[in-house]
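Below is one structure, written out as C-alpha cells; the observations come after it.
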C-alpha cells in the first residue's frame, strides 16, 4: 500500500479523500473500495518517514484539509521501488499442506479424505472463477481492473489445472518417509 | 416432472487399439434435468468426449443405458439414433462443424429440413436464429469465407435452430481465441437463460465455471460432481484480489 | 537430384496405395492394348514375309494350259520358275460341308520355289495326301486321318500324311480352293479317264466362297471351259519382285493363260484381317490410354491433395516448387514404368492369341519380343502420364505454404459460388450434399467423369462396331455377296441349269458370274460378268444406280480409290482378252479383293458360259436348306455350296472388342469408385457432422450415390455423342480399309443407346454406395473424431 500511495501522489498533490477516489477509480471494480482509515494510516506512516509532507488548505465553507505531496526522499523511494525487481508469483502451498496432512492423518481421522481436500478446493476455485466472470462483465477492456481480473482468473485456471494434475497423481503420491517404512515392517 | 431429461446409467465403452483395449469410459452415470447446464471437465483422454458422443447417440456403449427425452438410445440402430438426434439433440464440435459445400443458411436450416419442415419456413427460422447471433449478413456466405469464431457461432445456430431438448457441445471454444470464445460462451449463457439444457465438454475451467454443475472425469470415470449455483452472492469473494499483499 | 529422389522415395513409401495401384493398372492396360494391337498388326506381316522367303519367294502364280505355260515360263521377267505342274480340281469333305480343292503332284528335286512348306507329318507316298494346313486346323484333320475326295464325280479316300502351308493363294477359309499334294502316281489314279467323264475337262473351279465381312476371296479367272484339255500351274520368282503387278497384267492377258496371281495381292489378302483387327485393337489401346490419362490426372490430383501438408513441409525445409513438381512427376513415372513393363509383357504374351487370320494357317506364333514396341509404348504412355501429373503437381507445389500449414481450405476447393447456386436448387439435403461434394471439387470430378465418358464412348464404339460387323454377316449384300448358295457350273449346259434353278423350292432368284483378270493400264484387278435378271443381283449400291444394261459397270469402293475413279467415269479395260468400254454407273459395297472389283453385264461376253450361279433364298429358306434343295434338284454331278459365313473368327473379333470395351469400362468405374472413396474420405469428418445433425445411414449412402450418379450422368451425356461420332469415323475408316466403302456404319443397338444414360447414372450411384459403404457403417463418433 505504501508504494501505491506514493504512486498515487506522484500524479499530483492530493488530500486523503482525493487519494481514495483515485484508488477506487483504478481498482475498486476488481479489488473493492479502500477504507479511508487505511489511507490516512498509510499517509501518517509515510509522513513520519519523511517521504510525504502536507500543507493545510482552507476548504471554503467546510473545515480545513491536509493536502499531501511527495518530498524529495519520497520521490527517491518511489524511484528505488520501481527500479527494484518485482515479486515473483509465489504459490501458496496451503492446499498441498492440507493434502499431505490429510494423507498422514488418514488412520487417525478416517472421515477425512485427501481427495475431498482437492475437490473442495476445486469447487472453491470454480466458484471463484464464476464470480470473476461476473466481475469481468463489469470491467471495461483495457482498464486496470480488467487486467487484475484477468490475472486472477488465469491464476485460478492454473490452480485448477494443477489440481487436476494432483488428482491424477494422487494415487501415486506416497509419503516416502523413513518412519512410515519402519513402522510397516 | 421427476424423470430427468437425459439419463445415463453405468456407461462403459472401450476402444480396440494397440496392444490392449483402451477403456474410455468405466461405469459412468449422469443425469441432466431440463434446464440444467452441466459441464464435463477433465484432462485430455479422460473420456469426456466419449461420454458426450454416447449421450448424443453418436456411438453405442458396451454396457449401460442412455435415455433421452423418455426414449432409450443405446438399443437403437445407428439410423434410429439419427432420427432421435434430429428432433431432440443439437451438437456443436470443436471445429469443422459446418458442411463446407452448403451456405451458412443452408447449414443452419439443415436440422429443420431433415425434420421435414417446409423450405420457406426453415429458411425463415434459420434467419431468425442467425439474426439473434448477429450473423444474418453472412447467410449466403460459404463457411470457408467466415472466421473461425463466426463459423462456431453458425454451428451454434444450427445446433439450436430446431429447439432441441438438449444441446451437446464438445469443446465449442477450444479452437478459438479468447475474444471469440467469450462471444460463444455468452451465447451459451443466453440460451441457457432461455431454458436451454446444455451438456458441455471442455478442458477449459473458465468455460466449465459458466455451467451450473461441473462434472470432473478422470480415467474414464466421474471423480467429482459439484454444484456451482450456490456460490452466487456468497460472501468472501470480494477480496479475491488483495492489494495489501 | 538426390533431394528429388528422396521425395520420390518417400512418396512411394507413404502414398495412398489405391491411387498408386490405379496408376500402375491403367498404365499396364493402355500399354498392353497398344502393344498387342501393334503386335497383331505388325507381327503378321513379318511372319508372312518369313514364310514367303522360306517358300523361295513365289512372286507370281500363273494358271493355264500346259503348252502356254511352257511358253510363259521363258518370260525374261522370271528369275526362276517351277516346272509346269498339272493339277486336278476336286471337292473334299471338310467337316459337314465340302470345299473345293486343287490337287497337284509334288515334283521331285530340292528347289524351294513353289514347294509347300511341310508343317506336320511327312511327304506323301501312294494313297496319301498332304493336306492344306489352314483347312486341316479348321476341320481338326491330323496326319493319319482319312479324307474323302471327289474328282470329276469319282470319290477317293486318301490318308493324310502331313499338313503344309502353300503360298499360291491366301488361306482357307478366306480363299479356296484349298491345296492338296499327292505323289505323281496317286495324281494319275485320281485323274479321270478323258473319254469316260467329260466333267474331267473341267477347268479348275476356283469359285470364290467369299466370306462376308472378314476377308476377301480371290479366285483365278477361269478360262473357256471347253477349250482346255488339261490345266496346270506355274510358280515364278521375279527378277524384280516390285513389278509383280505389271508382269501379272502383261501375262494375264495372254491367250491360254487362265489366271495370274501376284504375291502382293496374296499377301494383302492373308494380312487384311489382322491389319483391321490390329488397328482396332491399337485404337482401343488409345482409348484406354485416354481413359488412363484422365484416371492418372484425377488420381494424381487426389493424392496430391492428401499430401499437401507434406509438400508444404518440404517446401518450408527448402524444396523449390520445381523440385517438388519434378519429384511428383517422377513418382508417377516410376509407377507408370512398372505398369508399362507389365503391360508390355502382357501385350506380347496375348498378341499371338489374337492373330485371327494367321493362326490357323501358320500355327500360333510364339510371343515375339519386340524392344522397339516397349520403347515406343513407354514413350507414349510415359508422356501421357507425365502430362497428366505435371499440372496438378505444379499447382500443389505452388500453394502458399503458410496457408497449408495453418490448414486453410485448399484454394478454390470450396467455391462459394457453386455452393450458393446449389443452395438455390431446392434439393433435399441428401441430394444437395451429395451433389455439392462432387461439384465443389470441379477439376477432379471433371477428370473422373471424363474417364468414365471415355468408357461410355468405348462401349458405344464397341457396340456399334459389333453391330456393324453383325449386320455385315447377317446381310451378305453388304459384303458384295447377295446370295445364299452357289451352284458351280462345272460345264453343265447353262440353259438346263437355269431352268432347274427357277423351279427349286426356296429359291427366290439367281444371277450368274464369270470372273476375269482384267487390266486397266498396267494394273490388274478382277472383273466379274454378271448374268441373269439384273433385278436378282441385289448388290448394295451406295452411290449411283444398280447395274442393268451392257456397257454399264458398278465398281467396288476399293477399285474407285485405287484408280481414283468416280461414278460416271468411263473406263476401257481388257477382261481376259476382251476389250471392254464401261461406264461406271455406281459403286457398291464389296469386301472381296478389298473392294477392287468391277462388275458388268455378262451380255458383253457373248458365248461365254458362266462359272457359277448364285442363288438367293426366299424368306423362309436358310442357305443350308436352299443348298440342300438345289442338290436334290440338280443331282450329284453339280457342286452346290451353301454360303459360308465365318462366325468363329468374327466371334473372336467382336468378343475381343467387347472385352476391351468392358475393360475400359471396368477401369473407369473402378476409378469412379476410387474418386468417390476419396471424396468420402476427405469428407469423413463432414459426414460425421451430418450424422450428428441427423443423417441416417441410408442418407449417408444416398448422398454418395447422388454424387456418383451425377458423375455417371455427366459422363454418359458427354460420352454418348462422342462415342457416336468416333464410331462413325472409326467404322468408316475400317470399312473403307476393307474396301466396302463408307456408309455401312451401324448404330449400336437402340437398347444399348437408350440404356447408356440410365446405366451410367446407375453404375455411378452403385459406385457411390460402394465407396461410402464403409463410412456408413462407421459409428458417427469415429467420424467426428476423424481428422
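Chains as they are written, first to last, in the working numbering: chain A, 15 to 199; chain B, 3 to 247; chain C, 60 to 846.
Think of the CB as a built atom: it goes at the ideal place given N, C-alpha and C, for glycine as much as any other residue.
**Asked** By Cβ distance below 7 Å, which residues in the same chain neighbour residue 57/A in space, the five residues on each side in sequence not counted?
**Response** 19, 30, 66 and 82
**Prompt:** Counting only beta-carbon atoms, is residue 230/B nearer than 9 Å to chain A?
**Reply:** yes
**Asked** Any Cβ of chain B within less than 9 Å of the Cβ of residue 365/C?
**Response** no
**Message:** If contact is defined by three or more beta carbon pairs under 8 Å, each pair taking one atom from either stretch, is the region 640-649 of chain C in contact with the region 598-616 of chain C?
**Reply:** Contact between the region 598-616 of chain C and the region 640-649 of chain C is present, because at least three Cβ pairs lie under 8 Å.
**Prompt:** Using a C-beta cutoff of 9 Å, does residue 225/B count as contacting chain A?
**Reply:** yes
**Message:** Closer than 8 Å is the cut-off here; do at least three beta carbon pairs connect the region 215-232 of chain C with the region 185-195 of chain C?
**Reply:** Cβ pair count under 8 Å is three or more, so yes.
**Request:** Assign residue 730/C to buried or exposed, taking buried as 16 or more other Cβ atoms, counted over all protein chains shown, within 10 Å of its Cβ.
**Result:** Answer is buried; the Cβ neighbour count reaches 16.
**Request:** Measure the CB-CB distance between residue 141/C and residue 172/C and report whether it falls below 9 Å.
**Result:** yes
**Message:** Which residues of the region 20-46 of chain B have a Cβ closer than 8 Å to any Cβ of chain A? Give them in chain order.
**Reply:** 44 and 45
**Item:** Rounded separation between residue 590/C and residue 661/C - CA only
**Value:** 5 Å
**Item:** Bridge partners - residue 168/B, DSSP secondary structure assignment
**Value:** 91/B and 199/B
**Neighbourhood of residue 131/B by C-beta distance below 7 Å, restricted to the same chain and skipping five residues each side** = The residues are 110, 159, 162 and 163.
**Asked** In the structure shown, what three-state DSSP assignment does residue 586/C receive?
**Response** strand
**Message:** Is the separation between the beta-carbon of residue 98/C and that of residue 381/C shorter than 9 Å?
**Reply:** Going by C-beta atoms, residue 98/C is not nearer than 9 Å to residue 381/C.
**Message:** So, under 8 Å CB-CB, residue 402/C and residue 198/C are touching, yes? Tell me the CB distance rounded to an integer number of Å.
**Reply:** That belief does not hold up - the Cβ atoms of residue 402/C and residue 198/C are roughly 36 Å apart, past 8 Å.
**Asked** Among all the DSSP beta bridges, which residues are the ones paired with residue 658/C?
**Response** 587/C and 613/C
**Request:** Could you check how far apart the C-beta atoms of residue 292/C and residue 208/C are, in whole angstroms? I think they sit under 8 Å.
**Result:** Not quite, the Cβ-Cβ distance comes to about 18 Å (not below 8 Å), so this is no contact.
**Member of 620/C, 728/C and 592/C whose CA lies at the smallest distance from the CA of residue 857/C** = Nothing can be reported for residue 857/C: it is not among the residues displayed for chain C, which extend from 60 to 846.
**Prompt:** How about residue 89/B: is its C-beta nearer than 9 Å to some C-beta of chain A?
**Reply:** With respect to chain A, the C-beta atom of residue 89/B has no partner C-beta closer than 9 Å.
**Request:** With residue 412/C as the anchor, note down where its alpha helix (DSSP H) starts and where it stops.
**Result:** Element bounds for residue 412/C: n/a, residue is neither H nor E.
**Asked** Candidates 23/A, 113/A, 166/A and 171/A: which alpha carbon is nearest residue 89/A's?
**Response** Cα-wise, what sits closest to residue 89/A is 23/A.
**Request:** List the endpoints of the continuous alpha helix (DSSP H) containing residue 243/C.
**Result:** 243-249
**Prompt:** What's the gap between the Cα of residue 595/C and the Cα of residue 579/C?
**Reply:** 28 Å
**Prompt:** Just the Cα atoms here: how many angstroms apart are residue 35/B and residue 161/A?
**Reply:** 37 Å
**DSSP-derived helix/strand/coil call for residue 205/B** = coil
**Request:** Give the interface partners of residue 749/C over in chain B, defined as CB-CB distance under 7 Å, in chain order.
**Result:** 101
**Residues from the region 203-219 of chain B in contact with chain A, defined by Cβ distance under 8 Å** = 206, 207, 208, 210, 211, 212, 216 and 218
**Prompt:** Helix or strand or just coil, what does DSSP make of residue 182/A?
**Reply:** helix
**Candidates 238/C, 337/C, 766/C and 818/C, of which the one nearest residue 779/C by Cα** = 818/C
**Prompt:** residue 174/A touches chain B at which residues, Cβ-Cβ below 8 Å?
**Reply:** 207
**is_contact[residue 23/A, chain B] using C-beta, thresh 9 Å** = no
**Item:** Contact with chain B by residue 78/A, beta-carbon distance below 9 Å
**Value:** no
**Prompt:** Which runs of the beta strand (DSSP E), 3 residues or longer, sit entirely within the region 537-582 of chain C?
**Reply:** 544-547 and 566-579
**Request:** Assign residue 184/B to one of three DSSP states: helix, strand, or coil.
**Result:** helix
**Prompt:** Between the beta-carbon of residue 93/C and the beta-carbon of residue 347/C, is there less than 9 Å?
**Reply:** yes
**Asked** For the region 131-145 of chain A against the region 210-219 of chain B, are there 3 or more C-beta pairs whose distance is under 8 Å?
**Response** yes
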